[in-house]
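Visitor:
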Amino acid sequence: MLALVLAHLVVAAALPMVSARSRRAAFGVAAILPALTLAWALANAGPALGPGLTSTTAWAPTLGLELSFRLDALALAMIVLVSGIGAVILVYAMGYFGPTSEDATRSAALLLTFAGVMLGLVLADDLLTLYVFWELTSVTSFLLVGQSGEKRENRRAAVQALLVTVLGGLAMLLGFVLLGEAAGTYRISEIVAAPPTGPMVTAALPLILLGAFTKSAQLPFHPWLPAAMVAPTPVSAYLHAASMVKAGVYLVARLSPGFSDLAVWWVPVVVAGLGTMLIGGWRALHQTDLKRVLAFGTVSQLGFLMVLFGAGGRIAALGGIAMLLAHGLFKAPLFMIVGAVEHAAGSRDLRKLSGLRTSMPGLAVAAAVAAASMAGLPPLLGFVGKETAFEAFLGEGGVRGWAIALGLLAGSVLTAAYSARFLWGTFAAKPGVAPTPVHAPGPLTTAPIWLSAAAGLALGIAYPLVDAPAEAYAGPGEYHLALWHGLGLPLLFSAIAIGGGLTVHVLRTRVDRLAKHSPFDAQHGYEGAIAGLERVAVVVTGRVQVGSLPAYLATIIVVVVVLIGPATLFGGAWPVGQPLYHSIIQVPLGLAVAVAALAVVKARRRFTAVLLVGVIGYGVAGLFIVGGAPDLALAQFLVETLSLVAFVFVLRRLPAHFTEQPSPRRAQWFRAGLAAVGGTVVAGVAVVLSAARVAPSSTSADFIALAPDGAGADNVIAAILVDFRALDTVGEIGVLFVAAAGVASLVLATRYDRKGLSASVESGQGSPRHEEDLVG
Amino acid sequence: MTIFDEWDAPREPWMLPGACRRGRTRRLLLEVAARTLFPTMLVFSLYLLLVGHYSPGGGFAAGLVAGLAFVLRHIAGGSVGFGMPVPVRPPVVIGSGLAIAVLTALVPLLVGSPALSSAKLAVDIPLLGPVSAQTSLFLDIGVYLLIVGVVVDLLRSLGAGIERDMREAEEWLP
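These protein sequences, in sequence, are chains G and Z.
If you read the first sequence in the working numbering, its first letter stands for residue 2, the second for the next number, and so on.
If you read the second sequence in the working numbering, its first letter stands for residue 2, the second for the next number, and so on.
So this is what it looks like as structure tokens:
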């Protein structure tokens, strides 16, 4: 299974080469792998619905980290969405992106990458593996929403989506670690089979739910999803309707069998889910952009799915699987229809579109089929799912059952209403609006729409096909998915939902006026949070980073003196019989260093100070030679020379003197005192520590003994650098690499205007509008 | 007038290849010293690189010596690059140094040893006799290249970059 995931990424990396020849072929090639994945999953449906198919690859066995995957009923249902709908949408993208589109190359590679990491997400059987894929989907979503990054609204939406989902993702990681430690294993199947209990689990579950809520756009994190509609329609259809936003629902579905009886799990899920379903549906009624109508509809449906999976109970789980598949199969074609209409008519504003029913009858029928499934009309899969959902909570009874059932009913009324609004808005002839001129969409556009819309119809009629994985997930029992359960409350509820929805639609002018007044605006909440964060950051930075080098230095010295000084004073011992010097040459060298150090303090010119610092460095190198460390001395000499040269280079741009006016007397005395205390403490600590060793160092002895044979080096320093501690060396040159890049970019980056771009940069990091872009 | 101002200024392109400073800012003594020292320092840096396993030296010191040779040439002649027939940009040298070091670290994995382990390579060369080297020499070569690249990159940014800034601000006119 790991190979399958990796194959997606490898092919995605090669796609730009295909795209250089033909942009359409790139999408065609990209569609092959998801289609094969779906075929593989369906071929393995037997074991998947039974015990499940597992595969494990250990990648850091000493740490107990492994990549483990498992194909079971829930994963199978998700693969139908991820790979099945993914392949269909990639074929649709062949028609959507023109042969000369500049976004096509990037989008093709990213969409296939996303298909791969999403596949990894639904197959992952290890909490940490799941987390890695989870964040990778956030990153691909960021890149796909941001597109080329040239448009401001793209950047804003991409940043918002990333910030919100990663915020939840990090909380979720914390929850995963708590849960994994409480259970003693990170294997999801084992955790669900024997769920741990205790305060750690109580703390972990809300954190995990936070991740699920942000990813699946639940209240109050939902605004990123409608904002992400600036992405190209295939991206919206795939990531932000059919697959990625279901990751949160999937996670709840994955863990619910183990935790749904805990109030800390089901209460937030049900409250947030119902709230989201109602708010999303309500907001959808006021939108005029067709994609935003569908986006708020997705928000609403995700809330519905959350309730079904999180509330617990076998029948709710059955309904959940049915609705999961149904939602993918009706929302993807609806999005694709919006894309086709936008291409054909040049607008997706429902106030401007008129008369498309007569000019595009084929699309209108497909849209009606998909919207009927969304509204919950028989014999579509959406009806089967919704009927089961009502049965689950009406059958449960009691306060909780009835409250949830009535909430779902209200949400379903809104769902039916915005389904009608979508159909009316897209295809109806509106009085006072001239029929929109259109040109017919090609078969590459219409075939994928029909395929997925018809699948929703086919699976509704052939409901046992859905019942098999649903029962494998929910467990065996008497109730099954079916089109006809006889007359009863669920059927009455379905009828009320349709009737109520149509009534709301008929009264749309009055509802429209009401819907303007939304109970609250979560988008403002997001913007306020980001602005507040920036304000806090400015305040903290202003206090901590005062911008004065003496202040920083004083802080460091004070910390060293206060922390290390007393510890040495009370814990250390002054070595007995410490000689003043070992070799007479040390005396003049030490004196030279001390005199130079004192002279630096009195220096008024920068150049003088630099030269004196050089004297100190060379003097110390001389002391190294006397002390018997030629390697160290050589390096010290060379580095000292180089830093002298670098100083002199930089000094050309600085004033010759340090300050024009001498600082006040008191400040001078304070600094002198601090420097004296700091110097004394460091020197004293050095002497005390030199005597702190109580036994001969075994490490050094081993190094010396092993160097000639083990490392083939007579020079033990070289043996340590390139052999014994070679990893440190590699790390250090990595640091040097970064530092060199930093210096070069600080000095040079402001100079070189990027070729091919206009001279003045209007947007991007560092521009005045960048902050606005982020904050709004 | 200009003829009398500049008649004694040096005009010979001593430090070619590389950009030649204008006559007034050339320093004859420095140029001659640089011309003799530059190749010597480079050879010395190679000596330090190879001898590092047995006596003081090693990739870091050797790289610094070679880098200082380029610094000397820059101060004397004003040129910044490596003086290769094909222009080589410092970041490329830095990157290849890092790449060589990392590859040296990873190659042992291919033969089933832990990363960063080293082995002795011994060859019998006619006339010279047996020659042996430790594979960790390649790590040192990577360090050497990286340090040389970093120093020349510093020249490019702090040396030539600041000069250009000053020229544009009309504070300094060579």
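Each residue gets a CB set at the ideal place from its N, CA and C atoms; glycine is no exception.
All values reported here derive from a predicted model rather than from experimental measurement.
Please give the ranges of any alpha helix (DSSP H) in the region 516-566 of chain G, keeping only runs that are unbroken, at least 4 residues long and fully inside the region.
Guide: 523-545
Visitor: Taking the straight line between their C-alpha atoms, what separation do you get for Z:Arg157 and G:Phe738?
Guide: 15 Å
Visitor: If the criterion is Cβ atoms closer than 8 Å, does the pair Z:Gly177 and G:Ala719 meet it?
Guide: Given a span of 2 to 175 for chain Z in the structure shown, any question on residue 177 of chain Z remains unanswerable.
Visitor: With three or more beta-carbon pairs closer than 8 Å as the criterion, would you say the region 302-309 of chain G touches the region 439-454 of chain G?
Guide: Not touching, per the Cβ criterion.
Visitor: Grab me the residues of Z:Ala134's own chain with a C-beta within less than 6 Å of its C-beta, minus the 5 sequence neighbours each way, in chain order.
Guide: Leu122
Visitor: Take every Cβ of the region 32-47 of chain G, pair it with every Cβ of the region 140-153 of chain G, and state whether three or more of those distances are shorter than 8 Å.
Guide: no
Visitor: For G:His328, does the three-state DSSP call read helix, strand or coil?
Guide: helix
Visitor: I'd like to know if G:Arg71 contacts chain Z, where contact means its C-beta is closer than 8 Å to some C-beta of that chain.
Guide: no
Visitor: Counting contacts by CB-CB distance shorter than 8 Å, is G:Ala727 in contact with chain Z?
Guide: yes
Visitor: Taking Z:Ile101 as the query, report the chain G residues whose CB atoms sit under 8 Å from its CB, ordered along the chain.
Guide: Simply none; closest approach about 10 Å.
Visitor: What in chain Z is Cβ-close to G:Asp715, meaning under 9 Å?
Guide: His54, Tyr55 and Ser56
Visitor: According to DSSP, is G:Lys387 part of a helix, a strand, or is it coil?
Guide: helix
Visitor: By Cβ distance below 7 Å, which residues in the same chain neighbour G:Ile558 in space, the five residues on each side in sequence not counted?
Guide: Leu675 and Gly679
Visitor: Pull up the distance between the alpha-carbon of Z:Leu38 and that of Z:Ala70, whole angstroms please.
Guide: 8 Å
Visitor: Just mark G:Arg755 as buried or exposed, buried being the case when its beta carbon has 16 or more other beta carbons within 10 Å.
Guide: The predicted position of G:Arg755 is uncertain, since its pLDDT is 40 and thus under 50; no value can be drawn from it.
Visitor: Could you tell me whether any Cβ in chain Z is nearer than 8 Å to the Cβ of G:Thr642?
Guide: Yes, G:Thr642 lies at the interface with chain Z (some Cβ there is under 8 Å from its Cβ).
Visitor: Among G:Val140, G:Gly383 and G:Phe310, which one has its Cα closest to the Cα of G:Ala455?
Guide: Closest option to G:Ala455, Cα to Cα, is G:Gly383.
Visitor: If you measure from the beta carbon of Z:Met42 to each beta carbon in chain G, is any gap under 8 Å?
Guide: No, Z:Met42 does not count as interfacial toward chain G.
Visitor: Do you know whose CA, among G:Pro380, G:Ala696, G:Leu7 and G:Val300, lies nearest G:Phe134's CA?
Guide: G:Leu7
Visitor: Hey, which unbroken runs of the alpha helix (DSSP H) at 4 residues or more fall wholly within the region 26-101 of chain G?
Guide: 46-50, 74-80 and 87-97
Visitor: Please report the distance separating the alpha-carbon of G:Gly767 from that of Z:Asp154.
Guide: Low per-residue confidence applies at G:Gly767: pLDDT is 48, beneath 50, and the placement is therefore not dependable, though the value from the model is reported in the following sentence. Taking the CA atoms as reference points, G:Gly767 sits about 25 Å from Z:Asp154.
Visitor: Using only alpha-carbon positions, find the residue among G:Gln148, G:Phe214 and G:Ser257 that is nearest to G:Thr234.
Guide: G:Gln148
Visitor: Roughly how many angstroms separate the alpha carbons of G:Tyr1 and G:Gly363, rounded to a whole number?
Guide: Given that chain G is displayed from residue 2 to residue 777, the structure contains no residue 1 of chain G and the question cannot be resolved.
Visitor: In this structure, what does DSSP give as the bridge partners for G:Gly629?
Guide: For G:Gly629, which the question treats as bridged, DSSP gives no partner whatsoever.
Visitor: With a threshold of 8 Å between beta carbons, is Z:Ala106 in contact with chain G?
Guide: It does: the Cβ of Z:Ala106 has a partner Cβ on chain G nearer than 8 Å.
Visitor: Using only the alpha-carbon positions, how far apart do G:Thr186 and G:Val271 sit?
Guide: 28 Å
Visitor: Helix or strand or just coil, what does DSSP make of G:Ala125?
Guide: strand
Visitor: With burial defined as no fewer than 16 other Cβ atoms inside 10 Å of the residue's Cβ, what is the status of G:Glu182: buried or exposed?
Guide: exposed
Visitor: Can you list, in chain order, the residues of its chain whose CB lies under 8 Å from that of G:Leu590, leaving out five sequence neighbours each side?
Guide: Gly620, Gly623, Leu624 and Val627
Visitor: List the DSSP bridge partners of Z:Val124.
Guide: Z:Val132
Visitor: Could you say if the region 502-511 of chain G and the region 346-357 of chain G meet the contact criterion of at least three C-beta pairs nearer than 8 Å?
Guide: No, because fewer than three Cβ pairs between the region 502-511 of chain G and the region 346-357 of chain G fall closer than 8 Å, the two stretches do not touch.
Visitor: If you reduce the DSSP assignment to three classes, tell me which class G:Asp290 lands in.
Guide: In this structure, G:Asp290 counts as strand in the three-state DSSP scheme.
Visitor: For the region 218-274 of chain G, list the alpha helix (DSSP H) runs that are entirely contained and at least 4 residues long, ordered along the chain.
Guide: 225-228, 234-238 and 247-260
Visitor: My understanding is that G:Thr114 touches G:His223, with C-beta atoms under 8 Å, so please give their C-beta distance in whole angstroms.
Guide: With 8 Å as the limit, G:Thr114 and G:His223 do not qualify as a contact, their Cβ atoms being about 26 Å apart.
Visitor: Taking G:Gly282 and G:Gly412 to be in contact with their CB atoms under 8 Å, please state how far apart those CB atoms are, rounded to whole angstroms.
Guide: 6 Å
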